[in-house]
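UniProt numbering numbers the first residue of the sequence shown as 1 and each following residue consecutively.
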Amino acid sequence: DNNPFDATAGYRSLTYEEVLQELVKHKELLRRKDTHIRELEDYIDNLLVRVMEETPSILRVPYEPSRKAGKFTNS
Numbered sequence: 001d002n003n004p005f006d007a008t009a010g011y012r013s014l015t016y017e018e019v020l021q022e023l024v025k026h027k028e029l030l031r032r033k034d035t036h037i038r039e040l041e042d043y044i045d046n047l048l049v050r051v052m053e054e055t056p057s058i059l060r061v062p063y064e065p066s067r068k069a070g071k072f073t074n075s
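Below, the structure written as C-alpha cells:
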C-alpha cells in the first residue's frame, strides 16, 4: 500500500486545507517559472536579433571564424 513511487503518498495524511495550501504554493511556483521562461525566451529572441544585425556570419552552418588578431590561432 505504501508504494514509494506513488505520487499521492505524501499527501494522504494532509488535511483538505493543507492540500489546498500545497496546491496554491505549487501554482504560484509554476506561475513564476512560466514568467521566468517567458523572460528567457524574450532575452534569447532579442539576442538573436542583435546577432543577426551585428554579426550574422556566426550563424552560418558550419561556422567558419574569421582569423582576426588575437582570435582563433592555430598553434
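Ideal Cβ positions, reconstructed from N, Cα and C, are used throughout, including at glycine.
The beta-carbon distance between valine 51 and leucine 59, rounded to whole angstroms, is 7 Å. This is short enough to meet the 8 Å contact definition. Valine 24 places its beta carbon 8 Å or farther from that of tyrosine 11. For valine 61 and asparagine 46, the gap between their C-alpha atoms comes out near 21 Å. DSSP places tyrosine 43 inside the alpha helix (DSSP H), whose first and last residues are 16–54.
Cβ-Cβ distances below 7 Å link proline 56 to nothing in the same chain once the five nearest sequence neighbours on each side are left out.
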